[in-house]
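Quick note, the sequence shown lines up with residues -30 to -1, 1 to 134 if you use mature numbering (1 follows the signal peptide of the UniProt record, and there is no 0).
Each residue gets a CB set at the ideal place from its N, CA and C atoms; glycine is no exception.
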Amino acid sequence: MQSGRVILLLITKVFLMMVRGPSLWMPVDGHISEQIYDRISQWANRILLSEHTLPRDYYSTKKLVNNLGLPVEKIHTCKNGCMLYWKDDIDLEYCKFCGDGRYKPARGRDPHKKKSLYAVLKYLPLTPRLQRLYSSRATAEHMTWHATHQTAEGSMCHPSDAEV
């Protein structure tokens, strides 16, 4: 009986690792609504053991990922990929190269409502991510392994063992 519970716990942990990460992008990649995502999350939580749970809805999942504290910069782009509305060009309304507009036309909407963009680039700054990796002694050791590991003379176990 005990071994069955251990196997079930292992399967549950693997399932949680597989689901938690990619699940945030399911609504975007799979073109499913947040309502369907919420239903899938509720169903998955009903079949999981009580000590293992997934976020109960899309909002909770998004909040969990945002709490990681890794910054994301949103940079507006031309819908054709001609240019970025960034630095000196941040206030432009039309692309300098193709002349297309930055925003979608407002059809019957309130003119005071926030304008809808054609395209956005999400920039993930590298420095905070590297700082996060090197802040833990365990991950820092893994990140510097290629420079610090020792091998027996004359044997090559890894490309970093080769002479330059």
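Straight across, the Cα-Cα distance linking Tyr88 with Trp56 is about 15 Å. In this structure, the CA atom of Thr121 is about 20 Å from the CA atom of Ala110. As DSSP reads the structure, Lys44 sits in a beta bridge with Lys92. Residue range 4 to 17 is occupied by the alpha helix (DSSP H) that includes Ile6.
Of all C-beta pairs linking the segment 65 to 76 to the segment 30 to 42, fewer than three are shorter than 8 Å, placing the two stretches out of contact. Ranked by Cα distance from His116, the options Pro25, His128, Cys68, Ala108 are led by His128.
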